[in-house]
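Q: The listed protein sequences correspond, in order, to chains A and B. Counting in the working numbering, the first sequence runs from 1 upward without gaps. Counting in the working numbering, the second sequence runs from 1001 upward without gaps. We put the CB at the ideal spot given by N, CA and C, even for glycine.
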Amino acid sequence: MSTTENMNPTIDPAAGLKAHAWRDTPDVRGHFGPYGGRFVAETLMAPLDELATAYAEAQQDPAFKAKLDADMADFVGRPTPIYHAERLSKKAGGAQIWFKREDLNHTGAHKINNCIGQAMLAVRMGKTRIIAETGAGQHGVATATVAARLGLTCVVFMGSEDMRRQATNVYRMRLLGAEVRPVESGSKTLKDAMNEALRDWVANVDNTFYIIGTVAGPAPYPAMVRDFQAVIGRESRRQMLERSGKLPDALVACVGGGSNAIGLFYPFLDDESVKIYGVEAGGDGIESGRHAAPLSAGVSGVLHGNRTYLMQDDNGQIMGTHSVSAGLDYPGVGPEHAWLKDIGRAEYVSVTDQEALAAFHECTRIEGVIPALETAHAVAYAQRLAATMSPEQSILLNLSGRGDKDMGSVAEAAGETL
Amino acid sequence: MNASTPSADNRLTQRFAQLRKAGRTALIPYLTAGDPYPDATVDFMHTLVAAGADVIELGVPFTDPMADGPVIQAACERALVHGTSLRDVITMVARFREDDAETPVVLMGYYNPIDRLGLESFADKAQTAGVDGVLIVDLTAEEAPEVVPSLAAANLSPVCLIAPTTGEARIKLICENAGGYIYYVSFKGVTGAASLDTDALAGQIEPIRRATDLPIGVGFGVRTPDNAAAVADVADGVVVGSVLVGQIAAHLNDVGAAQSALSKTLGAMRAAIDTQDSSRKAGQKQEGEHA
Ligand SMILES: Cc1ncc(COP(=O)(O)O)c(C=O)c1O
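#1: I want to verify the contact list: residues of chain A whose CB lies under 7 Å from the CB of B:SER1085, in sequence order.
#2: Is A:CYS154 close to ligand 1? I mean its beta-carbon at under 8 Å from any heavy atom of the ligand.
#3: Mapping the DSSP letters down to three states, classify B:ARG1011 as helix, strand or coil.
#4: For A:SER325, name the three-state secondary structure that DSSP assigns.
#5: Return the bridge partner residues of A:GLN312 from the DSSP annotation.
#6: Return the first residue and the last residue of the alpha helix (DSSP H) that A:PHE265 is part of.
#7: Compare the Cα-Cα distances from A:GLY37 to each of B:GLU1142, B:ASP1100, B:THR1013 and B:ASN1227 and report the closest residue.
#8: So the alpha helix (DSSP H) A:MET407 belongs to, where does it begin and stop?
#9: At the level of alpha carbons, what is the spacing between A:GLY408 and A:THR417?
#10: What did DSSP end up calling A:ASN204 once you bin it into helix, strand or coil?
#11: State yes or no: is the beta carbon of A:SER185 nearer than 9 Å to at least one beta carbon in chain B?
#12: For a contact defined as C-beta to C-beta under 7 Å, what are the partners of A:ALA423 on chain B?
#13: For A:TYR35, count neighbouring Cβ atoms within 10 angstroms of its own Cβ and tell me buried if that reaches 16, exposed if not.
#14: By how many angstroms is the C-alpha of B:LYS1188 removed from the C-alpha of B:GLY1034?
#15: At a cut-off of 8 Å, would you count A:SER236 as near ligand 1, judging by its Cβ distance to the nearest heavy atom?
#16: With DSSP as the reference, label A:ILE211 as helix, strand or coil.
#17: Should A:LYS191 be counted as a contact of ligand 1 given a C-beta to heavy atom distance under 8 Å?
#18: Helix or strand or just coil, what does DSSP make of B:ARG1223?
#19: Closer than 9 Å, CB to CB, is A:VAL450 near chain B or not?
#20: Under 9 Å, Cβ to Cβ, is there at least one residue of chain B near A:ASP192?
#21: Round the Cβ separation of B:GLU1168 and B:PRO1207 to the nearest angstrom and send it over; I've been treating them as touching at under 8 Å.
#22: Quick check on DSSP: helix, strand or coil for A:ALA422?
#23: Could you check whether B:SER1186 and B:PRO1164 sit closer than 9 Å to each other, using their CB atoms as the reference points?
#24: How many Å lie between A:ASP27 and A:TYR221 at the Cα?
#25: Strictly below 9 Å CB to CB, what residues from chain D border B:MET1108?
#26: According to the neighbour-count rule (16 or more other Cβ atoms, all chains shown, within 10 Å of its Cβ), is A:LYS100 buried or exposed?
#27: In three-state DSSP terms, what is B:PRO1029?
#28: Are at least three pairs of beta-carbons, each pair with one atom in the region 302-322 of chain A and one in the region 235-248 of chain A, less than 8 Å apart?
#29: Quick one: grab the DSSP three-state call for A:GLY233.
#30: Specify, as a first and last residue, the run of the beta strand (DSSP E) that A:TYR83 falls within.
#31: Report buried or exposed for B:ALA1030, applying the criterion of at least 16 other Cβ atoms within 10 angstroms of its Cβ.
#32: Quick check on the DSSP output: the beta strand (DSSP E) that includes B:GLU1057 runs from which residue to which?
#33: I'd like to know whether the C-beta atoms of A:GLU272 and A:TYR348 end up nearer to each other than 9 Å.
#34: In chain order, what residues of the same chain have a beta carbon less than 8 Å from the beta carbon of A:ALA380, not counting five sequence neighbours either side?
#35: Whose Cβ in chain B lies nearer than 7 Å to the Cβ of A:PRO248?
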């Protein structure tokens, strides 16, 4: 991918792009409409400014871009293909479903796209220690992987509850030389891991770079992580045009913090014919209250450095979340998604644990692709959506990761033991 | 002072004016409201005043206190077991005011509970209850302009944090929005994490003095009476938090014992600060005579 690549080949810029609400976001202070911004303890403001400056400089540096592209190709294995899931499409009985195969990336998910970018930035800034939070362990594994390759010290914070659910990934991170620190506070899941990573960062700002794993956190993280993940949308937009001669009619991606989703959506925002769907974790069902779907059922608030939709109670306390997939088990969501929801450019829906598990099995059986449980939420919605569309239409689904890590959870849900 | 700071005096500005005149350093204890249970808090506040508190910082419990160390995290969790809400904390201040019309109270916490209650509604309720200042840990100077006018309109002083990482330009920016006092965070870390480096403190405070006339309180590492005295040597206020909260944690099943421990711990700090203040006054007097 090169910078000169026209992001919108079917749109004639001279014809005049509308002044879309998303065009100038975020603003200089990191706001997407009313969302985003920076809500952190004062100690972190200087390191955030330092990061924003370093990132802006790196963006202007052709050498940084060249190195990133080379790593994306040789180390990650990009570009990832798009794949026409014909049997799944036939079964759904409507639109053609295409997978963007982020599961084929090194380490098995989209997370590494962002980790490579941020780790390169860390090196550029002279930082020698990397910290990260992780839920499912995918971001932790991706971070530990790039840290190993670059010879950086790596500490990953993980809720003790998640460490239990994702024991294999914990072992993997340790093999890669990372220290995995159990987080015992609060709900012992992803949000608490993020609190702990922020606390560590405050204490070690001089030598430490915090690699946030999704499009959340204080500015510049949401826009920076989006930029690193937008390779997903840029590639697949070009690939869809090449393979099917037209843009997809709809995009579907699961939304935890929202990084794989925004990575797919962003390069399509100006393509008004393309409908955009983000799929949140419905857990036991929205009406049960046991879910992780802030865009579907939350209200605006401030957590982890930005304003966004949150799962919170009437007193502004953050609520516990539930999802069968640890990677979606987060009470907030990236501020850009909050904004895209409000302005109506994207629609956010939810899929329950049961629906996701059913889609997991179906996709595995009839396509030979084992999706991550997070991704299975998107698969379930794509099936539902396809059934309402015609066979000439197409859906591009971000197959954000592979399900190898989820064997234990899937077996447990089926009442089996490995 | 500028347009965004409270125009009228409140207890906080008055208290610091009195202390400055008397050449005394403010002792500012912090407690998490609702810890270990809601009914204990008002009694604890009176205990602190009796032991020498000049200003009380009352922590509003939050599920995700990302700038706090394990001691205050645990206090938040204990308070939240009882469902202690921002409304409850405001009610506690109103009850405290029934017996203490003088001691300024600053609410300290994170932005989300305030945002959820509604900024205007919060400011109004807080003022009515007798709150004097508000310190919102995760409200940066960049976001503060949306919040500070509502606080100012309710005569609530916006107390702001300055950290060792804060550069001179930001110090100016922060002081423009600040009121009551400046809270200087003495080290890079979360509450209760390290001991402060008193030698470096004077140099760190210097640029803040140049930027504002507001009094400067120092907190985050004050553990011993010696620490308190050393801070009093260079700052206008000494903030003590985790050590006190730790006393409550050590006496969870005996509030009376917790009260005596709070009283003893804070009292020792008060004595050390007073000694420091007197010797400074004596020194200044001598200098005056020599001049
Ligand atoms: C495969 C996969 N997809 C999606 C997610 C959710 O994260 P995000 O919403 O940032 O893409 C995760 C998180 O761990 C993941 O592992």
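A: Let's see:
#1: ASN315
#2: Remark: the C-beta of A:CYS154 is outside contact range of ligand 1, defined as less than 8 Å to any heavy atom.
#3: Three-state DSSP puts B:ARG1011 in a helix.
#4: coil
#5: A:ILE318
#6: 259-265
#7: B:GLU1142
#8: 407-413
#9: In a straight line, the C-alpha of A:GLY408 is about 8 Å away from that of A:THR417.
#10: Here A:ASN204 sits in coil by DSSP.
#11: yes
#12: With chain A covering 1 to 418 only, the question about residue 423 of chain A has no answer from this structure.
#13: buried
#14: 28 Å
#15: no
#16: coil
#17: no
#18: coil
#19: Outside the shown range of chain A, which is 1 to 418, sits residue 450 of chain A, and nothing can be said about it.
#20: yes
#21: 5 Å
#22: With chain A running from 1 to 418 in the structure shown, residue 422 of chain A is simply not present.
#23: yes
#24: 13 Å
#25: Going by chain labels, chain D is absent from the structure shown, which instead holds the protein chains A and B.
#26: buried
#27: Three-state DSSP puts B:PRO1029 in a strand.
#28: no
#29: helix
#30: 82-84
#31: The displayed chain sequence assigns Tyr, not Ala, to residue 1030 of chain B. B:TYR1030 is buried by the Cβ-count criterion.
#32: Here the beta strand (DSSP E) through B:GLU1057 covers 1056-1059.
#33: No. Outside cutoff.
#34: VAL279, VAL351, GLU355, ALA356, ALA358 and ALA359
#35: Chain B residues near A:PRO248: none, gap ~38 Å exceeds 7 Å.
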